[in-house]
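K.L.:
Encoded as structure tokens, here's the structure I'll be asking about.
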Amino acid sequence: MPIITRTGGPAAAHFASKLQFETDPSDVHADFEIGERFVLIDSRGETAWHQGRIAGATHMATATIAQRAPEEIPLDMPVVTYCWGPGCNGSTRAALAFAQLGYQVREMIGGYEYWAREGYPTENDRGRIDRAKDELTAPLGTITCDC
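Next up, the structure:
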């Protein structure tokens, strides 16, 4: 096992790479709030999409990305993918599909589950879904976790 120096070495490279290709619900929400240019892709199937989704997301099931993305999303548009949650790697497969097409893409870790548990806007086919913030995933009474 290599010794990591104060400059970081392999560990610093690893974590810097993760931050380049991953994001989280708090950062995605903040990017929405400031009007950052990106498209948020819900890569789940139809049933999941209709059950509930992140407000402002675009539905594009992973199996349809190769065909639909080039027709619907400009290649210079940054993409963020999400799926159900940490127990699902659907957003990873979706991010890979976008990357293979040449898109700048990041995966939102935690997925729809943590977005909803952190109290950010969700909706379904009937409209807005109101959920209380889960104190196990986000501090109550504040916008950010300051991490």
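If you're matching positions, the sequence shown starts at 2 in this note's numbering and goes up one per residue.
Every residue, glycine too, gets a C-beta built ideally from N, C-alpha and C.
Please go through the region 21-97 and give each complete beta strand (DSSP E) segment of 3 or more residues, from N-terminal end onward.
P.N.:
Runs found: 40-43 and 80-83.
K.L.:
Would you mind stating whether threonine 59 and isoleucine 35 have Cβ atoms separated by less than 7 Å?
P.N.:
Mapped onto the sequence shown, residue 59 falls at position 58. Mapped onto the sequence shown, residue 35 falls at position 34. Contact: no.
K.L.:
May I ask you to report which of helix, strand or coil DSSP gives glutamate 124?
P.N.:
Taking the sequence shown and counting its residues from 1, the one referred to as residue 124 is at position 123. Correct three-state label for glutamate 124: strand.
K.L.:
Go ahead and pull the three-state DSSP assignment for threonine 8.
P.N.:
Working through the sequence shown from its first residue, we reach residue 8 at position 7. Residue state, collapsed to three classes: coil.
K.L.:
Cutting at 7 Å between CB atoms, please list the residues of its own chain near serine 201, excluding the five before and the five after it.
P.N.:
Any answer about residue 201 is impossible in this case: the structure gives the chain only from 2 up to 148.
K.L.:
Below 8 Å on the Cβ atoms is my contact criterion, and I expect alanine 67 with leucine 97 to pass it. Report the Cβ-Cβ distance as a whole number of Å.
P.N.:
Taking the first residue of the sequence shown as 1, we reach residue 67 at position 66. Taking the first residue of the sequence shown as 1, we reach residue 97 at position 96. Not a contact, Cβ separation roughly 11 Å.
K.L.:
Could you spell out where the beta strand (DSSP E) holding glutamate 108 opens and where it closes?
P.N.:
As a first step, residue 108 must be located in the sequence shown, where it is residue number 107. It spans 106-109 - the beta strand (DSSP E) in which glutamate 108 sits, taken as one unbroken run.
K.L.:
Measure the alpha-carbon distance for methionine 2 versus serine 18 and round it to whole angstroms.
P.N.:
The residue given as residue 2 occupies position 1 in the sequence shown. The residue given as residue 18 occupies position 17 in the sequence shown. A caution first: methionine 2 carries a pLDDT of 44, below 50, which makes its placement in the model unreliable, though a value can still be read off. Those two C-alpha atoms are separated by around 20 Å.
K.L.:
Let me check understanding here. Comparing Cα to Cα, which of Tyr115, Glu114 and Asp131 lies closest to proline 122?
P.N.:
Counting from 1 along the sequence shown, the entry for residue 122 is found at position 121. Of the listed residues, the one whose Cα sits closest to proline 122 is Asp131.
K.L.:
By alpha-carbon positions, which one of Pro87, Gly88 and Val106 ends up nearest to alanine 70?
P.N.:
Your numbering for residue 70 matches position 69 in the sequence shown. Answer by Cα proximity: Val106.
K.L.:
Which of the three DSSP states is assigned to arginine 132 in this structure?
P.N.:
Indexing the sequence shown from 1 puts residue 132 at position 131. Coil.
K.L.:
Mapping the DSSP letters down to three states, classify glycine 112 as helix, strand or coil.
P.N.:
What you label residue 112 is simply residue 111 of the sequence shown in a count that begins at 1. Glycine 112 falls in the helix class under three-state DSSP.
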